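Chemist:
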Amino acid sequence: MKQILDQAKACTECELCNEVCPSYWATGEVLFSPMQRLKTTIKLFEGGEVSDREIESLYKCLTCMRCDQVCPEEIKISPVVTKARAELCKRGLGPLVRHNKVIEGILDKGNAVNGDPQKRLEWLPEEFPRNESDTLLYMGCLASYLVKDAATSSYQVLKKLGVDFMIMEDEGCCGSILFTTGRIDLAGEWSQKIVDRFKSLGIRRIIVTCPVCQERFKHSYAEVLGGFDFSVYHMAEVIYDLLKDKPDLLTKVQRTMTYQDPCLLARGEGISEEPRRILQWCGVELKEMP
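Oh and the sequence shown: position 187 is 1494 in our numbering, straight run, nothing missing.
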């Protein structure tokens, strides 16, 4: 608690964080700014009463880490907000009702998007491969249920590149929302369940399609479990490493495109150059957004 308070109290109210905050842009209200969230965190951890609007503000934070990057005092505001949410949950003040529906879905169906577990592998272009490997291609909820092309493409690309890997029939959600809403009690139990399943399969290396899953496995799981004995890589890293010495293997296309950096991939993991290189190897002319 002292470490969180020290971080929050280091704020000099320069308001640089406000200038880059999406929730502040959207609302125009100081209450929904990073600076004000730090003040709310101080009040919360010092035992003060927080209003419903202040609670709403803590949960409106996207934890995109833009404020973390510009803070001259190097305050890691996003993690501070996440700790504040955990404190709200300890007091019975969080999470919000709408979050509870997603949490219930994870516990009941094993995914965060209310998907039918029986249909999770509909993206698979062939019969389920019952091969064993110490490398797991972990799709996550979004690719499995909502963006199935991403799942199919990831699977096919790794096969074409000769990667030895396996997928799971009973893959469960990484449990990200349990961490981000502050339900650390449930997050610890869920993480242990997932880790035990990985270990039972002999997994040592995990390739993910989703930066959120990567962030949870590498950092959140390690925090609540005291460690995470698996190597975790994003698809962009894997493809880059496999093709950096032979980019001519890629089919060239004549397209002009832009690339949007996922918050957790770029700011959290520092992976921003690799996806751009892969696109350029494909003949893409990249135009950066302003």
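Backbone N, C-alpha and C define an ideal beta-carbon position, used for all residues, glycine too. Every value quoted in this text rests on a predicted model; they were computed, and no experiment measured them.
Exposed or buried, which one is residue 1469 when buried takes at least 16 other CB atoms within 10 Å?
Modeler: exposed
Chemist: Can you give the beta carbon distance from residue 1344 to residue 1358, rounded, assuming they're within the 8 Å contact cut?
Modeler: About 13 Å; that fails the 8 Å criterion.
Chemist: In the region 1508-1570, which residue ranges form an unbroken alpha helix (DSSP H) of at least 4 residues, counting only runs that do not cross its ends?
Modeler: 1518-1522, 1528-1532 and 1542-1550
Chemist: Counting pairs of beta carbons, one from the region 1338-1356 and one from the region 1312-1325, are three or more of them closer than 8 Å?
Modeler: yes
Chemist: Which residues in the same chain have their Cβ closer than 6 Å to the Cβ of residue 1331, if we skip the five residues on either side of it in sequence?
Modeler: Excluding sequence neighbours, residue 1331 sits near 1325, 1339 and 1340.
Chemist: I need the straight-line Cα distance from residue 1396 to residue 1406, nearest angstrom please.
Modeler: 12 Å
Chemist: Helix, strand or coil for residue 1370, going by three-state DSSP, please let me know.
Modeler: coil
Chemist: Which parts of the region 1406-1470 are runs of the alpha helix (DSSP H), unbroken and 4 residues or longer, counting only runs that do not cross its ends?
Modeler: Counting only runs of 4 or more, we get 1455-1467.
Chemist: Candidates 1463, 1439 and 1430: which alpha carbon is nearest residue 1449's?
Modeler: 1430
Chemist: What's the call for residue 1561, buried or exposed, on a 16-neighbour Cβ count within 10 Å?
Modeler: exposed
Chemist: Three Cβ pairs or more, each shorter than 8 Å: is that satisfied between the region 1441-1456 and the region 1502-1511?
Modeler: yes
Chemist: Please classify residue 1342: does DSSP put it in a helix, a strand, or coil?
Modeler: helix
Chemist: Give me whichever residues DSSP pairs with residue 1592 in a beta bridge.
Modeler: Paired residues: 1563.
Chemist: Among 1594, 1403, 1352 and 1542, whose alpha-carbon lies nearest the alpha-carbon of residue 1390?
Modeler: Among 1594, 1403, 1352 and 1542, the Cα nearest to that of residue 1390 belongs to 1352.
Chemist: In whole angstroms, what is the alpha-carbon distance linking residue 1381 and residue 1467?
Modeler: 43 Å
Chemist: Whose C-alpha, out of 1471, 1496 and 1549, is nearest the C-alpha of residue 1670?
Modeler: With the chain covering only 1308 through 1597, there is no way to say anything about residue 1670.
Chemist: Could you tell me which of 1559, 1544 and 1592 sits nearest to residue 1566, measuring between CA atoms?
Modeler: 1592
Chemist: Using the beta-carbon count (16 or more within 10 Å), is residue 1571 buried or exposed?
Modeler: buried
Chemist: DSSP beta-bridge partners for residue 1473?
Modeler: 1443
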